[in-house]
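Q: Residue numbers (the numbering used here), protein chains in the order written: chain X, 1 to 153; chain U, 154 to 316. Don't be surprised by glycine CBs; every beta carbon is placed ideally from N, CA and C.
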């Protein structure tokens with residue numbers, strides 16, 4: 001009985017300090033800064049469009065190790081910040097929008113819109129330095145990639 | 154007019170499925186019956202044509218990427234099918250210790266979330282640990298998730314998307 005009573009007191013004390021820590025973490029300011037890029041993957045030479053540039057080797061190398069295409073070209077890029085509990089929608093091309101809802105603690109809802117209609121909604125985790133990619137096939141055996149990268153702190 | 158049984162026998166001869174005795178019988182039929190001989194030659198031509206021109210089905214993505222998506226889906230289903238182990242007597246003391254911890258922790262978390270809402274937050278969802286992939290393909294676009302640990306990359310592949 002005495003042993004049970006002391007273990008409850010220890011548990012209650014631990015609970016008190018744990019609750020203080022949880023309140024501090026959950027209430028802290030939490031913003032998410034992302035770099036978004038629309039990339040086109042193909043097995044051909046650089047397109048003639050002067051606005052498209054070759055993706056840097058670091059990112060292109062990662063994509064090439066996962067996907068079959070060897071050449072990657074950047075169509076557009078944008079940086080944006082989402083606060084915890086907030087939502088941000090950015091335009092990647094005239095036919096492609098991406099919307100990010102930040103749920104806190106590296107968890108996001110990513111919604112992809114094609115021609116104004118939502119194509120897919122996915123909840124996932126984005127850790128600093130990692131890539132979150134939404135991709136799909138394009139004509140002539142090419143592919144499109146929306147690459148989100150979280151800024152390292 | 155050839156009967157169906159003879160037709161099946163000729164097909165089986167072409168596929169090498171007959172015994173020696175049955176093969177001899179089938180050969181005899183071919184030798185004496187022009188219709189059977191014509192059918193056998195036609196079947197043999199088709200077989201040669203298909204073997205030489207079979208279309209190779211290629212995946213639109215790397216093989217590892219494709220099979221990783223399947224493996225990940227299998228593992229996810231296996232995890233959800235696992236049942237939780239029942240606590241034994243030796244865990245009762247630990248549970249008595251954790252109950253007050255859990256109760257106060259829930260209260261603190263609720264207070265913190267309530268503070269977030271008062272300060273203008275729109276989301277009512279608590280921050281969950283780990284990745285919970287929930288697919289909501291509202292436009293019937295089939296998709297699956299793939300994780301590459303070496304490249305620190307999570308991919309959502311959508312079978313149809315914007316051009």
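For a contact defined as C-beta to C-beta under 9 Å, what are the partners of residue 222 of chain U on chain X?
A: Residues of chain X passing the Cβ test: none, with the nearest at roughly 11 Å.
Q: Name the two residues that bound the continuous alpha helix (DSSP H) containing residue 184 of chain U.
A: First-last of the alpha helix (DSSP H) with residue 184 of chain U: 173-185.
Q: To the nearest angstrom, how far is it from the Cα of residue 270 of chain U to the Cα of residue 141 of chain X?
A: At residue 270 of chain U, the pLDDT of 49 sits below 50, so the modelled position is not reliable; the number obtained from the coordinates is stated separately. Rounded to whole angstroms, residue 270 of chain U to residue 141 of chain X spans 47 Å at the Cα level.
Q: Once DSSP output is grouped into helix, strand and coil, what is the label at residue 295 of chain U?
A: In the structure shown, residue 295 of chain U sits in coil (DSSP, three-state: anything other than H, G, I, E or B).
Q: CB residue 147 of chain X to CB residue 39 of chain X, shorter than 8 Å?
A: Contact flag set, yes.
Q: Show which residues of chain X have a CB atom less than 9 Å away from the CB atom of residue 218 of chain U.
A: Correct list: 66, 67, 68.
Q: Tell me which residues of the stretch 120-140 of chain X have at least one Cβ-Cβ distance to chain U shorter than 9 Å, keeping chain order.
A: Per Cβ criterion, the list reads 120, 121, 122, 123, 124, 125, 126, 127, 129, 130, 131, 132, 133, 134, 135, 136, 137, 138, 139.
Q: Per DSSP, residue 114 of chain X is paired with what?
A: According to DSSP, residue 114 of chain X bridges with X/96, X/117.
Q: Residue 40 of chain X bridges to which residues according to DSSP?
A: For residue 40 of chain X, which the question treats as bridged, DSSP gives the partners X/73, X/144.
Q: Figure out for me which residue from X/135, X/131, X/138 has the closest Cα to the Cα of residue 58 of chain X.
A: Nearest of X/135, X/131, X/138 to residue 58 of chain X, Cα basis: X/131.
Q: Chain U partners of residue 80 of chain X, CB-CB under 9 Å?
A: Simply none; closest approach about 17 Å.
Q: Taking the alpha carbon of residue 216 of chain U as the reference point, which residue from X/61, X/60, X/68, X/63 has its own alpha carbon closest?
A: Taking only the C-alpha atoms, the option nearest residue 216 of chain U is X/68.
Q: Exposed or buried, what is residue 305 of chain U when buried is set at 16 or more other beta-carbons lying within 10 Å of its beta-carbon?
A: Per the 10 Å Cβ criterion, exposed.
Q: Mind checking residue 85 of chain X: buried by the 16 CB within 10 Å criterion, or exposed?
A: Residue 85 of chain X comes out buried.
Q: So what does DSSP say about residue 162 of chain U, is it helix, strand or coil?
A: Note: residue 162 of chain U maps to helix in three-state DSSP.
Q: Any residues in the stretch 292-309 of chain U with a beta carbon nearer than 8 Å to a beta carbon of chain X? Which ones, in chain order?
A: Per Cβ criterion, the list reads 292, 294, 296, 298, 299, 301, 303, 304, 305, 306, 307, 308, 309.
Q: Interface residues of chain U around residue 62 of chain X at Cβ under 7 Å?
A: 304, 306, listed in chain order.
Q: Using 8 Å as the Cβ pair cut-off and three pairs as the minimum, do the stretch 68-79 of chain X and the stretch 48-57 of chain X touch?
A: Yes: at least three Cβ pairs fall under 8 Å.
Q: Whose C-beta lies closer than 6 Å to the C-beta of residue 307 of chain U among residues of the same chain, with five residues either side of it excluded?
A: Same-chain partners within the cutoff: 300.
Q: Buried or exposed: residue 253 of chain U, going by 16 or more other Cβ atoms within 10 Å of its Cβ?
A: Buried, because 16 or more other Cβ atoms sit within 10 Å of the Cβ of residue 253 of chain U.
Q: Applying the criterion that 16 or more other CB atoms from any shown protein chain within 10 Å of the CB defines a buried residue, is residue 188 of chain U buried or exposed?
A: With fewer than 16 Cβ atoms within 10 Å of its Cβ, residue 188 of chain U is classed as exposed.
Q: Classify residue 37 of chain X: buried if its beta carbon has 16 or more other beta carbons within 10 angstroms, exposed otherwise.
A: Under this definition residue 37 of chain X is a buried residue.
Q: Can you look up residue 16 of chain X in the DSSP assignment and give me helix, strand or coil?
A: In this structure, residue 16 of chain X counts as helix in the three-state DSSP scheme.
Q: What residues from chain U crowd round residue 12 of chain X, counting only those whose CB sits closer than 7 Å?
A: Correct list: 253.
Q: Skipping 5 residues on each side, what residues in its chain have a beta carbon closer than 8 Å to that of residue 127 of chain X?
A: So the qualifying residues of the chain are 106, 150.
Q: Using a Cβ cut-off of 9 Å, pull out every chain X residue sitting near residue 201 of chain U, in sequence order please.
A: Those do not exist, as residue 201 of chain U stays about 30 Å from chain X at its closest Cβ, beyond 9 Å.
Q: Excluding the five sequence neighbours on either side, which residues of its own chain have a C-beta within less than 8 Å of the C-beta of residue 190 of chain U, listed in chain order?
A: Cβ within range, chain order: 183, 184.
Q: Distance check for residue 167 of chain U and residue 200 of chain U, CA to CA, integer angstroms please.
A: Each residue's alpha carbon lies about 9 Å from the other.
Q: Nearest chain X C-beta to residue 258 of chain U closer than 8 Å, yes or no?
A: By this cut-off, residue 258 of chain U is an interface position.
Q: Quick check on DSSP: helix, strand or coil for residue 405 of chain U?
A: Nothing can be reported for residue 405 of chain U: it is not among the residues displayed for chain U, which extend from 154 to 316.
Q: Measuring only the C-alpha atoms, how far is residue 198 of chain U from residue 220 of chain U?
A: Roughly 36 Å separates the two Cα atoms.
Q: Hey, is residue 15 of chain X's beta-carbon within less than 8 Å of any beta-carbon in chain U?
A: Closer than 8 Å to some Cβ of chain U, the Cβ of residue 15 of chain X qualifies, so yes.
Q: Skipping 5 residues on each side, what residues in its chain have a beta carbon closer than 8 Å to that of residue 156 of chain U?
A: If we look at residue 156 of chain U and ignore the five residues flanking it on each side, it has no Cβ neighbours.
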